[in-house]
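Engineer:
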Amino acid sequence: MVEKEAGGAVAGDRAGLGRVLRVTALAAVLPGAGYIAVRRQHVGALLLTVQLTLAVVLAVVLLRHRHDFAPLFVSPEVLDVVRVAAPVVGLAWGGAVLHCTARSGHGLRSIEDRILCGIAALAVATAIALPLVTAGRYAAIQRDLMLHVFAPDGAPPADAPRNGTALGTGTAVRNVVGADRFNVLLLGGDGGARRLGLRTDSITVASIDRRTGDTVLFGLPRDLERPPFAPGGPLAERFPGGFDDRLAAVYPFGQGHPELLPGAAHPGGAAAAQAAGQVLGLPIDNFVLVDMAGFADLVDAWGGLPMTVRRPLPFASNGRYLKPGTYTLSGQDALRLARTRHGGGDYARMGRHRCVLAALAGRPGPLTLALRFEALVNAAKRSITTDIPRSRMPELVHLARRLPTASFTSVQLTPPVLNPADPDFRRAHRAVAAALAGRTATPKNDPPPATCPA
Numbered sequence: 001m002v003e004k005e006a007g008g009a010v011a012g013d014r015a016g017l018g019r020v021l022r023v024t025a026l027a028a029v030l031p032g033a034g035y036i037a038v039r040r041q042h043v044g045a046l047l048l049t050v051q052l053t054l055a056v057v058l059a060v061v062l063l064r065h066r067h068d069f070a071p072l073f074v075s076p077e078v079l080d081v082v083r084v085a086a087p088v089v090g091l092a093w094g095g096a097v098l099h100c101t102a103r104s105g106h107g108l109r110s111i112e113d114r115i116l117c118g119i120a121a122l123a124v125a126t127a128i129a130l131p132l133v134t135a136g137r138y139a140a141i142q143r144d145l146m147l148h149v150f151a152p153d154g155a156p157p158a159d160a161p162r163n164g165t166a167l168g169t170g171t172a173v174r175n176v177v178g179a180d181r182f183n184v185l186l187l188g189g190d191g192g193a194r195r196l197g198l199r200t201d202s203i204t205v206a207s208i209d210r211r212t213g214d215t216v217l218f219g220l221p222r223d224l225e226r227p228p229f230a231p232g233g234p235l236a237e238r239f240p241g242g243f244d245d246r247l248a249a250v251y252p253f254g255q256g257h258p259e260l261l262p263g264a265a266h267p268g269g270a271a272a273a274q275a276a277g278q279v280l281g282l283p284i285d286n287f288v289l290v291d292m293a294g295f296a297d298l299v300d301a302w303g304g305l306p307m308t309v310r311r312p313l314p315f316a317s318n319g320r321y322l323k324p325g326t327y328t329l330s331g332q333d334a335l336r337l338a339r340t341r342h343g344g345g346d347y348a349r350m351g352r353h354r355c356v357l358a359a360l361a362g363r364p365g366p367l368t369l370a371l372r373f374e375a376l377v378n379a380a381k382r383s384i385t386t387d388i389p390r391s392r393m394p395e396l397v398h399l400a401r402r403l404p405t406a407s408f409t410s411v412q413l414t415p416p417v418l419n420p421a422d423p424d425f426r427r428a429h430r431a432v433a434a435a436l437a438g439r440t441a442t443p444k445n446d447p448p449p450a451t452c453p454a
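Residue numbering for the sequence shown follows this note's numbering, beginning at 1 and increasing consecutively.
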């Protein structure tokens with residue numbers, strides 16, 4: 001009789017263990033159903049109603065954006081909801097799993113079974129809560145980036161003269177090659193301790209095909225003289241014959257004279273965009289300024305910059321060269337490569353600037369982005385200034401997806417195409433139009449994004 005009772009107790013414990021684990025699994029799928037299983041019907045019914053409501057809302061949102069999820073990831077309002085709701089839902093859901101398991105496990109007599117149920121419930125609760133808490137944290141980081149780096153909606157185009165008109169904002173080439181391109185001015189600024197203000201040592205316009213992501217990078221010499229401004233604007237009235245200094249000096253001049261760019265949140269960038277647009281004959285949609293010291297942080301946040309060198313490249317002012325081969329450059333090494341004037345002067349340096357930009361554009365991947373997201377955002381906040389409005393971010397997300405497989409063409413507007421000391425801007429416009437149309441009227445090269453030829 002004793003043996004039968006002992007055997008029955010063991011069988012009962014096994015059955016009880018199975019029931020507790022089933023309740024744990026049920027609560028993991030439907031917390032409300034888990035509470036009903038442990039005889040908390042009122043709580044269970046409430047949770048089932050809440051869960052059904054959330055499921056319907058989520059389904060409606062996903063159906064509405066089924067062809068385009070990008071706006072969800074770049075909307076501060078949506079991110080604000082996610083940063084609060086995701087951790088709350090995750091912790092409440094995980095807590096429900098633990099609570100249901102604890103209530104259903106009261107009848108277990110075996111210490112081992114109780115420990116096993118506790119471990120199982122904790123593992124399930126963690127698996128549910130951790131991704132949602134992480135999603136909330138990433139949403140908060142992304143929201144912070146959107147609010148602190150990108151401009152509010154409603155900002156005028158970067159190269160608009162900002163005097164109430166839209167005259168002469170660099171449309172000479174657009175009339176030839178069409179308007180289905182996104183043109184962004186990329187400035188590399190260096191504000192070292194021995195310099196007054198920030199100097200734009202690197203001036204590049206990226207013209208991106210909105211359909212394919214194929215990109216033409218136009219390098220402008222920083223010592224280009226008499227760059228013009230958009231006709232009809234205060235800057236053009238101040239300098240009717242072109243700016244009285246080099247192109248690199250336009251940005252600090254604009255920063256110091258905001259009254260000439262009324263309404264511009266970033267007067268220096270707006271002035272530089274005007275000048276670059278007039279030089280190229282292209283409308284400049286927006287500008288991005290990258291502080292060169294911050295650029296090194298950005299490269300390090302990506303985990304380095306993979307680059308294939310096809311011939312020796314000057315690497316530092318001490319005469320050090322990178323030999324042909326494949327490298328993963330640190331942020332400081334990438335900065336040295338882009339900065340040095342040793343071995344070729346300013347024009348060779350311009351080529352390396354565009355080479356590094358193309359390599360960086362081909363760097364991101366989904367896994368890298370997920371693993372290094374916070375470091376990338378922090379580096380971007382420290383190093384990037386832009387007038388890109390938040391409303392344009394969905395379009396840019398789509399373009400960014402195409403960049404790793406897009407073609408990159410580098411064009412240097414240097415002699416003989418453009419003489420910085422005596423520039424012929426009509427000739428520059430023809431060269432730009434030819435490059436965008438795929439003709440070879442101007443020197444160019446087409447390296448893969450991670451290959452540096454010069």
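The beta carbon of each residue, even a glycine, is placed where N, CA and C say it ideally should be.
Between ALA433 and LEU280, what straight-line distance do the alpha-carbon atoms span, to the nearest angstrom?
Structural biologist: So the alpha carbons of these two residues sit roughly 9 Å apart.
Engineer: Exposed or buried, which one is ALA59 when buried takes at least 16 other CB atoms within 10 Å?
Structural biologist: The residue is exposed, with fewer than 16 neighbouring Cβ atoms inside 10 Å.
Engineer: Could you tell me whether the stretch 260-277 touches the stretch 305-325, using the rule of 3 or more Cβ pairs below 8 Å?
Structural biologist: Touching, no.
Engineer: Counting C-beta neighbours from all protein chains within 10 Å, is the total for GLY325 16 or more, i.e. buried, or is it exposed?
Structural biologist: Exposed, by the Cβ-count rule.
Engineer: Taking buried to mean at least 16 other C-beta atoms within 10 Å of its own C-beta, is ALA127 buried or exposed?
Structural biologist: Classification for ALA127: exposed.
Engineer: Would you report the Cα separation of THR414 and LEU282, rounded to the nearest angstrom?
Structural biologist: So the two alpha carbons sit approximately 17 Å from each other.
Engineer: Considering only the alpha carbon of each residue, which of THR405, ASP209, ILE141, LEU186 lies closest to ASP201?
Structural biologist: Residue LEU186 is the option with its Cα nearest to ASP201.
Engineer: Any contact of the stretch 118-126 with the stretch 139-151, i.e. 3+ C-beta pairs under 8 Å?
Structural biologist: Too few Cβ pairs lie closer than 8 Å, so no.
Engineer: Does DSSP put LEU335 in a helix, a strand or coil?
Structural biologist: Note: LEU335 maps to helix in three-state DSSP.
Engineer: I'd like to know if the stretch 92-107 and the stretch 25-37 are in contact, where contact means that at least 3 CB-CB pairs between them fall below 8 Å.
Structural biologist: Yes, the stretch 92-107 touches the stretch 25-37.
Engineer: Where in the stretch 234-313 do unbroken runs of the beta strand (DSSP E), each at least 3 residues long, occur, reported from the N-terminal end onward?
Structural biologist: Listed in chain order, the complete beta strand (DSSP E) runs (minimum 3 residues) inside the stretch 234-313 are 286-291, 305-309.
Engineer: Return helix, strand or coil for SER383, following the three-state DSSP convention.
Structural biologist: In the structure shown, SER383 sits in a helix (DSSP, three-state: H, G or I).
Engineer: Using CA atoms only, rank isn't needed, just tell me which of ARG352, GLY331, ASP297 is closest to PRO312.
Structural biologist: Looking at the Cα atoms, ARG352 is the closest of the given residues.
Engineer: Quick check on the DSSP output: the alpha helix (DSSP H) that includes PHE425 runs from which residue to which?
Structural biologist: 425-436 is the extent of the alpha helix (DSSP H) around PHE425.
Engineer: Could you tell me the alpha carbon to alpha carbon distance between PHE229 and LEU260, rounded to whole angstroms?
Structural biologist: About 12 Å.
Engineer: Per DSSP, which one or two residues make a beta bridge with TYR327?
Structural biologist: TYR327 is bridged to MET307.
Engineer: Taking the C-alpha atoms as reference points, what is the distance between VAL43 and GLU374?
Structural biologist: Cα to Cα, VAL43 sits roughly 38 Å from GLU374.
Engineer: With respect to the alpha helix (DSSP H) encompassing ILE128, which residues constitute its N-terminal and C-terminal limits?
Structural biologist: Counting along the chain, the alpha helix (DSSP H) containing ILE128 begins and ends at 111-149.
Engineer: Report the option in LEU72, PHE239, ALA45, LEU17 whose CA atom is closest to the CA atom of ARG390.
Structural biologist: Answer by Cα proximity: LEU72.
Engineer: What would DSSP say about GLY164, mapped onto helix, strand or coil?
Structural biologist: Because the pLDDT at GLY164 is just 32, under 50, the model does not fix this residue reliably, and the value given afterwards should be weighed accordingly. Three-state result, GLY164: coil.
Engineer: In this structure, how does DSSP classify PHE373 when only helix, strand and coil are distinguished?
Structural biologist: Helix at PHE373.
Engineer: Flag this pair as yes or no: are the beta carbons of ALA406 and GLY213 separated by less than 7 Å?
Structural biologist: Result yes, Cβ atoms of ALA406 and GLY213 sit closer than 7 Å.
Engineer: For GLN332 and GLY189, I'd like the C-alpha separation in whole angstroms.
Structural biologist: Straight-line Cα distance between these residues: approximately 15 Å.
Engineer: Just to check my reading of the structure: ALA334 and LEU305 have Cβ atoms closer than 8 Å, yes? What is that Cβ distance to the nearest angstrom?
Structural biologist: Contact holds; Cβ gap of about 5 Å.
Engineer: Going by beta carbon distance, what residues of the same chain come within less than 8 Å of ARG210, once the five residues before and after it are set aside?
Structural biologist: Counting only Cβ-Cβ distances below 8 Å, and skipping sequence neighbours, we find ASP180, ARG181, PHE182, GLU395, LEU399.
Engineer: My assumption, with CB atoms under 8 Å, is that ILE388 sits in contact with PHE69. Please give the rounded CB distance.
Structural biologist: 20 Å between Cβ atoms; not a contact.
Engineer: On the DSSP bridge assignment, give the partners of ASP209 in chain order.
Structural biologist: Looking at the DSSP assignment, ASP209 forms a beta bridge with ARG181.
Engineer: Using 8 Å for Cβ pairs, my map puts LEU298 next to ALA206. What's the rounded Cβ distance?
Structural biologist: That pair is no contact at about 16 Å.
Engineer: When the Cα atoms are used, what is the spatial distance from VAL23 to ALA296?
Structural biologist: Using only the alpha carbons, I get a separation of about 52 Å.
Engineer: Determine the extent of the beta strand (DSSP E) in which VAL216 is found, giving its start and end residues.
Structural biologist: VAL216 -> beta strand (DSSP E) spans 215-219.
Engineer: Roughly how many whole angstroms lie between the Cα atoms of ARG336 and PRO314?
Structural biologist: Cα to Cα, the separation comes out at about 9 Å.
Engineer: Once DSSP output is grouped into helix, strand and coil, what is the label at PRO389?
Structural biologist: Here PRO389 sits in strand by DSSP.
Engineer: How should THR53 be labelled, buried or exposed, when 16 other C-beta atoms within 10 angstroms of its C-beta is the threshold for buried?
Structural biologist: Counting Cβ neighbours within 10 Å, THR53 comes out exposed, since fewer than 16 surround it.
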